[in-house]
Every structure is written in structure tokens, then in C-alpha cells.
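So for the first sequence, my numbering puts the first residue at 5; every next one is plus one.
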Amino acid sequence: MADYNPQQLDTKWQQRWRESRAFEVEADPSRPKFYTLEMFAYPSGHAHVGHVRNYIIGDVVARTKRMRGYNVLHPFGWDAFGLPAENAAIKGGIHPETSTLANIAHMKGQLQRLGISYAWEREFATCLPEYYQFNQWIFLKMLERDLAYRKRSTVNWCPSCQTVLANEQVIDGACWRCGSVVIARDLEQWFFRITAYADELLKGLDTLPAWPDKVLVMQRNWIGRSEGARVAFDGIEVFTTRIDTIFGATFVLVAPEHPLVARLVAESRNPEGLRAEVARFTAQDRLARQSGEVEKEGVFTGREVTNPFTGQPVPVWIANFVLGEYGTGAVMGVPAHDQRDFEFARKYKLPITVVVRPEDGPSPEAASLTEAAVSYGVLVQSGPYDGMRSDEAKRALTSEVEARGIGQGSVQYRLKDWGISRQRYWGTPIPVIHCEKDGVVPVPYEDLPVTLPRVTQFTGRGDSPLAQVPEFVNVTCPRCGGPARRETDTMDTFVDSSWYFLRFCDPRNDRLPFDPAKAAYWMPVDFYSGGVEHAILHLLYSRFFTRVLRDIGLVRFDEPFTRLLTQGMVLKDGAVMSKSKGNVVDPDEMLQRYGADALRLYVMFVAPPEKEVEWSDTGLEGSYRFLARVWRLVDHWAESVRQGPKAAPASGIGDAERAVRRKTHDTIRRATVDIEERIHLNTVVSALMELVNELYAYSERSPLGAPAMRGSDGGAAVPQASTSPAARFVMREAIDALVLMLSPFAPHTCEELWQHLGHPESLAAAGWPEFDADLARADELVIPVQVNGKLRGRLTVPADISDDRLKDLALSDEAVQAHIAGKAVRKVIVAKGRLVSVVVQ
RNA sequence: GCGAAAGUGGCGGAACUGGCAGACGCGCCGGACUUAGGAUCCGGUAGCCGAAAGGCUAUGGGGGUUCAAGUCCCCCCUUUCGCACCA
């Protein structure tokens, strides 16, 4: 066979796979399915090795599962709407669709050159109406169920460019393009009621044992459930998780955005001054998001309300640190037991009352506190509740509040409803029409899709770009037939990615997002991999959409992704690769130098998939060398192996041959567990390397000799006939297994070698090698012997030795004797098949 | 501040349920083959002492449990990531 020429193999096998539609699949209920998915890509233009790592991880899993007999769905597509394409259009004048489709074509080529085994016939891009019409369909369904609704909300607005800015376009409070100070502006916007599922989304996390803890924790925190109570202080309802401290509430704080603020200001003695303060707080709040710390400030309204437990009047303040959108937008101020309230009270000289003392100590003196006492304890100065423990008091006080009709137990979530309106062009048009007479009218289903018009001028100025297209905006009302305006906002691109994994089950359906029967077969996704940056939003939204689609009746499960892997980034020169830093490693350049398989193998070998790694050129070269080494080994033995017996011969299998079989089967065991259960792909590769090393050693001692050194002379002629049937058999078994197990990592090389070994069928059809526990078992073991915890000797013994015999051998061992001579043996511990531990004196 | 994860040779990393720490690879050193080789094959490579046999010390630091700890428990340090006034 010729020298190893990977580039040629890449082309050859990629073409064969395409021609034979090797990775295309259909739902087949008679076969077990496996759905493996990598997060689809934003078509930025070029994939670098950091992106590509994830696709290779998924491909190793997909190819392995195929060999294990599963019907494997492994699709790919494009998350094709989004801001960068629109910004490029504003800067360079290229239409987003043109640049996006060109980028997709290029990146698809890159993935194909890597030999990723995608079912390309299922590919789609979210920016085309065939896909986004179902964003609109789902939106309308959600509208019917009151899961989509409209409310006024604040956006970033650049007064100079006259446009809405995304958060990423606001840099230090200023417009990314012109540098003007960004202001807040209220617009009517669309929201998805994800909070309706808050509790279910939280509980569902407990059903995901194969998700990384880190992600589960992040989602839990993001949903942020807290139990407490709502209590009315006269007309102002507050939310608290510490109702046990209510006797210490000496003031009430409301957020600047609180609906009562307007009235409080108007009725105050100094409406003008107050209004100015409130305006200042509101503006501050926006900047605070960027700059971090803002001093706690407040302003007294002149109003007082009654603490429902002490009966004392307490002042009402407007405070800049109270959040309008959380709880009731108002809180009770308990300075003795809340750090923020404490600082506030000290600053404005408000009274501090201690109402909880530590269980094992006296009540602290209010005047001597240097910080709030936030721990639970026993109630004091709390009327009938004195002496009660905090946790009991919470229950008792909540009951009383409910009995008196002034409040109730309440659960609050940090999670907010999902604002999906974007004042942007490059996204899915929101399918509603505004009629003066009928109000908000949904676009009828039969009128879908609402197609994105082809805007040609991108100035980046004005409102939503769609508002400047009269043919798009001016429509007749579907209800009354009168003149109406089309909604000109588009949807957040996270909508696109919240259900795309379902679309892959049935990507060409033009009636429904997907056929429920097909989704029932393929879903849920068995193995999902992608970057941690999606740990919260994308994964939470997808879990939300899955539940919505379940309630609509399209799917019957709750959780879309059974197992999740968050892959680590690839760094170059210690930094994340990015175009602007100029440190990207282009996979195509590596392909030209070493071929697809060396790159694939290296990326899998360098570290476990979750870990961040530093790119190394020499490491890649090492992987290339390994593949060439396998190539030479297989070629060296191919003829002998092809002519060798298919079953173990009755005689001629000596110690050396048994050792080869043992190594072969032990490698099969390790590789199978590491790929399928642990997903430690790096150790699979090292196990295969060990096997190759052992086969080289065996080879060297065999009549055939070590694989020839290939140089200018092409190596020596090899006397194939001189190898024994036993040698041929064990090498056949070993080399077959090696090529099969290496193939998910290095498919092009292995397909070629497999063929060279005389197998007519493809690798996928060949199946994964079978593990035989008897053959993997060693007949001799090396048992270390410790004396007082230190290694003192090694015993080579038969594997089936008894504990007693092992103990005797250990004690009589020369090296061990030297350390126990003259000392009393107190204890001997034999760990079955592992070690002997002797304790003396 | 709160929460999570991680600290192992010159480097990337192994070590499954506590049981020979450093597999495998990179790098480096040596040998073979060579006109030559940065190709290939073979060998060596944690540190310290020692000619060697061997011994001692080592998994961020300090304690502990155990015959035995990288692994389990407690305290501390460092790094990375996430949330950051959520009442």
C-alpha cells in the first residue's frame, strides 16, 4: 500500500459517504434510536478550531453509536438571524441574506472537509421562511393561550441615531456607533410568559441527572425561587422573606418605578423636588447596570403608614435600590436584620429596633450594632411572638396575616417574563396587525408566513427598519377590512433556537413545525453538546418551549435534552480565539498540513471535552505521527492477517499471543466505557496508543519484525509466509479491533485501512468490537506489598491465588522480610487482587 | 459579597467504587539505521541522596480519619466561571 496520504483519503471517503447517503436516516420504530446534537451555529463566516471541537465530540459519539447498532440522528443547521449580519449591512452595504447564505456555504464546506457525519439532507437555516413561519405559528398559539402578551417596557435609545440599541451595543452607557449617551425609552413590547412555568422549570431540573451540576445550579439561581409573604402596610403591599422580623419594621421603601409613586409625589408637600429626585434615581438605575456600585439613596415622601403588628406609624421613602419589577416593588425596612436597611437607616437616622436575638445569647443593643444581624434566632420585642424561633414565627405570622386579611404567604421568582420584541430587521416578523378599530389582531394562520421584505437600504437610523417599508406596514385588518398597520418589530433570535432540535425530526414539513409522530420517535435529544455560554438562556428557553409545545399537544415529554455536555474552549496564546485578537486557528490550514483525521484525533486527545485547552501545533503533529504509525502497522500485517484463520487455532497460542489478546480485550472494555458512559474521549485515544505500542513490541519479536522503516529505500521486503497461524489470528483480532475503535476519531484513515484488511463492508456496518471478559483477565498478577503503608515489594502470583497463600508469600518475601525482621506483625490486610498491607509493631 | 468548579513532572493530562501517583502524548536526552536526516525504530526522563542496590520527599498549604488518602472530613490560600442590592 502507498504511504500515508491523508488529504487524498479525506476527499475519497467524503465523496463515498455523500454518494451512499451514509448518514441519512429515517424514523424506524423497529430500531433503537439515538439523537445526538451539537448546538447549531451562528454563520459568522469562518469556523475556527474552537467551534470545530464541539462538532468532533458529537461526531465521535454519533459514529460510535452507529457502530453499536443505533439508528442515529445527527443533524446540523444554522442559527442564521441576528445582529452581526445587520450591522455588517449597515457598515458594508451587503444585504444580510446575501452575507448569511455565503457564510453558511463556506462553513458547511469546512465541516464537510472535517468529515463530520451529519445528515445534511436535514439541514436548514432559521432565516428562511420555511423555518421562521413556524416561529410565527408557535407565536400565534402562544397568543391564543395568553402566553404571549404586550406591555410597555424600557429599551435603550440613542437620541442621535434615532434608534433602539441592543444591550451589547451600549458601551459604558453610550452608543457604540456615535458615542451619544443612551437614554431609556418606553415602548410597547411583546413578552412570553415563561414565569407561568417557573415552578415546573425549577422542579424539572431534578429530573436531569446527566446535566452538569454547574448548569443545574445556574438555572436554579436564575429562576430564583424564594418563599415569603405579602403584607399590606395600609395601602402599600410589601414582599418579605423575613416576616419573623416584622415587629422591627420601622419604615417602608418603594421603588422609583412603583405605580404609587406618582400619587405619593403629587400629594407631597414638595412635588417638584420629589419628582426630580425620582427622575434622578430612574436614570441612575440604568447606568448602575454597567458601572456596578451605586450609593444607596432615598427620599422621604412625607407619608406614613401603619405597621400592622406594632400599630406604630412608619415613614414611606422612595429608595433607589428597591427593584420595581421584583415582588411588589415595595419592601419593609428592618434595619436591625437586613444589611441594606441597616445602611439606609444609619444614613437617614431612622430608628433601629432589634427583634431577633441569637438562640444562645442576649439580644444585641441596637445602638452598638455595626452591621445587621441577619441570622435566624429567637424573637424578642415582638408582642405575643416573643420567645418563638424564627422558623416557627414565619409560619405563625403568615397565618395571622392571612386570618386578618392583610396578606398571604407568597412565592416569588427572580425569573422575569421573556421580552422578545426587537426593533431590528434581521429576525422573524411578529405576526400581528394593529387596527385602530379592532386593536391587536393576529395574522390568520392561512396568511403565514409573514415574509421579511427585501429592504435594500440599511442606514441604522430610525425606528424598526421594517417601519420604513410602506408595502409591508400598510395592510387591511383581517377582522374589519379597514386600514391597519403591521407590527414592525421582529423576534429575539433566541426564539429560533428554542425549538430547532424538534424541527430536525421533520425538517421539510410545510403544515406543522414537525410531525408529532416523528418527534415522538427521535426525541428527546440523547446527547447534546455546546458551550457553557448557553447554560442559562438557550437551555432554559428550550425547556420552556418544550413544555408549551407539550401543552399544545405536539410532544409528550417535558425535557428536551437528556444528557448535556458543556465543552471547553480552545485557547490560543492564553486567550479565547477571536477575529479581533487575530489568534484564530483555521481548521483548513491544519487539514492541508495533516489531514482531517490528525486534527480530529488531536482535539479529542488533548484534554477531556469539558476542559478548556491551549492549542498546540506540536501536539497536532504527534497525532499525525500516531496515525502514520497505525498505518504502517496495519500495512505491515495486512497480508498475513488477510490470510490468517478467523477462529482461534487449537495450538500455537503462547504467552505472547495471550498477552496480545488480553491487551486487545482490555482496550475494548476501556474504550467502550470511556466513550459511552464517561465521555472521556482523551483516555480512549491513549488506550488505543497503548495497544499500538504493544502491537509494535509483539511485532518486533515476531518473524515479521517491526514495521519497516519507510525511507527513501521503501523498507525491506517482508516474509509474510513465515508468520504462524496463531500470530496471524491474534494480530487479526487486535488490528481489526484497533481500526474499528479508532474509526470514530479518524474515520477516513480507518475506512481505508478496513478495506485494505479485506473487509468489503463499511465501518458502520462492521459494528463495534465485542468484549470478552475471559480473554481480558490476566492469569498472573503483580501484587504490591506495603509495610506500614510504604511499598516494599512486589509479588508475581497466579490470578486465582487464595488470600491466605498470598499473605504467606508476602510475609516470606525477601524485600518484605528486610523490613519486618525482628518486629511483631500486628495485622496483615489483603485487598483482593490488589495489594497486601503489613502492619508491624 | 453569594454560588459553583478546579489546583498533580518542563508542558497537556492519567489514576473506574480509598489500594503500586505520574498511564498516554508533547518536549528533552541517548542509541540504532543512515551520505545525511527535523523521517523511522528502540530506550531513558518527578525531585533529592547514592557508583549501584536502594532510600527519602512529593498531587496548592495546614490539620484529621484509615493498615492505606490525589481521592473522604475540617480550616486556609490561589485561579477560573456564574449571579451580582431579588428584601
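The beta carbon of each residue, even a glycine, is placed where N, CA and C say it ideally should be.
Cβ neighbour criterion (16 or more within 10 Å) applied to Leu77: Here Leu77 is buried. Its C-beta has 16 or more other C-beta atoms within 10 Å.
Expected contact under 8 Å - CB spacing of Ile108 and Arg604 to nearest Å: That belief does not hold up - the Cβ atoms of Ile108 and Arg604 are roughly 22 Å apart, past 8 Å.
Residue(s) in a DSSP beta bridge with Cys162: Paired residue(s): Thr167.
Inter-stretch contact at 8 Å, needing at least 3 Cβ pairs: the segment 203-220 / the segment 383-399: At 8 Å Cβ cutoff, the stretches do not touch.
Rounded C-alpha distance that separates Ala660 from Tyr504: Tyr504 has its alpha-carbon roughly 54 Å from the corresponding atom of Ala660.
Proximity to Tyr8 [Cα-Cα], best of Tyr46, Arg629, His52: Of the candidates Tyr46, Arg629, His52, the one whose C-alpha sits nearest the C-alpha of Tyr8 is Arg629.
Where Arg646 sits in the DSSP three-state scheme: Three-state result, Arg646: helix.
Three-way DSSP call (helix, strand, coil) for Asp621 in this model: The answer is helix: DSSP assigns Asp621 an H, G or I state.
Local conformation of Glu694 per DSSP, three classes: Glu694: helix per DSSP, three-state reduction.
Contacting residues, own chain, Cβ-Cβ under 7 Å from Ala721 (five flanking each side not counted): The predicted model places Ala721 with a pLDDT of 48, which falls under 50 and marks its position as unreliable, so this point remains unresolved.
For Phe304, the residue or residues it bridges with in DSSP: DSSP lists Trp321 as partners of Phe304.
Collapsed DSSP secondary structure at Gln19 in the structure displayed: Here Gln19 carries a helix assignment [DSSP, helix/strand/coil].
Residue range of the alpha helix (DSSP H) that includes Asp442: Asp442 -> no alpha helix (DSSP H), and no H or E assigned at all.
Limits of the unbroken beta strand (DSSP E) element including Asn478: Element bounds for Asn478: 478-480.
Opening and closing residue of the alpha helix (DSSP H) in which Lys353 lies: Unbroken run through Lys353: none, as it is neither H nor E.
Closer than 7 Å: Thr286 CB and nearest the ligand ADP heavy atom: With respect to the ligand ADP, the structure offers nothing, as it holds no ligand at all.
Anticipated Cβ contact below 8 Å, Ala819 with Gly793, distance rounded: About 15 Å separates the two Cβ atoms, so there is no contact after all.
6 Å CB neighbourhood of Ser295 in its chain, flanking five on each side removed: Residue placement at Ser295 is flagged as unreliable, the pLDDT there being 47, under the threshold of 50; a coordinate-derived value is accordingly withheld.
Residue(s) in a DSSP beta bridge with Cys179: Under DSSP, Cys179 shares a beta bridge with Val174.
Cβ-Cβ distance between Phe237 and Val303 below 8 Å: Against a cut-off of 8 Å, the Cβ pair of Val303 and Phe237 comes out as no contact.
Simplified DSSP state of Pro511, which is helix, strand or coil: Correct three-state label for Pro511: coil.
Counterpart residues of Asp190 in DSSP-defined beta bridges: Looking at the DSSP assignment, Asp190 forms a beta bridge with Thr158.
Exposure label - Asp345; buried when at least 16 CB within 10 Å: Buried, because 16 or more other Cβ atoms sit within 10 Å of the Cβ of Asp345.
8 Å Cβ cutoff met for Phe85 and Thr671: No, the pair does not count as a contact, with Cβ atoms beyond the cut-off.
CA-to-CA distance, Lys69 to Pro47, given in whole angstroms: Distance from the CA of Pro47 to the CA of Lys69, rounded to the nearest whole angstrom, comes to 28 Å.
Coarse secondary structure for Ile240, derived from DSSP in three states: Residue state, collapsed to three classes: strand.
Whole runs of the beta strand (DSSP E) within the segment 754-814, excluding any shorter than 3 residues: Here the runs fully enclosed are 784-791, 794-802.
For Arg856, three-class secondary structure by DSSP: Any question about residue 856 goes unanswered here, given that the chain covers just 5 to 845.
Boundaries of the alpha helix (DSSP H) in which Val221 is found, first to last residue: From DSSP, the alpha helix (DSSP H) with Val221 extends over 217-227.
Per-residue DSSP class, three states only, for Leu575: DSSP places Leu575 in the strand class (E or B) of the three-state scheme.
Sequence-distant residues of the same chain with beta carbon closer than 8 Å to Ala200, five excluded per side: Excluding residues within five positions, the ones whose Cβ falls inside 8 Å are Leu151.
Start-to-end residues for the beta strand (DSSP E) that takes in Ala334: If you look at Ala334, you'll find it in the beta strand (DSSP E) that goes 334-337.
Residue from Asn75, Gln11, Pro10 whose Cα sits closest to the Cα of Pro36: When only C-alpha atoms are compared, the closest one is Asn75.
Buried/exposed call for Ile833, threshold 16 Cβ in 10 Å: Under this definition Ile833 is an exposed residue.
Residue ranges of each beta strand (DSSP E) within the segment 393-431, 3 or longer: If we require 3 residues or more, the beta strand (DSSP E) runs fully inside the segment 393-431 come out as 411-417.
7 Å Cβ shell around Cys165 - same chain, five flanking residues per side excluded: So the qualifying residues of the chain are Cys179, Arg181, Cys182, Gly464, Arg465.
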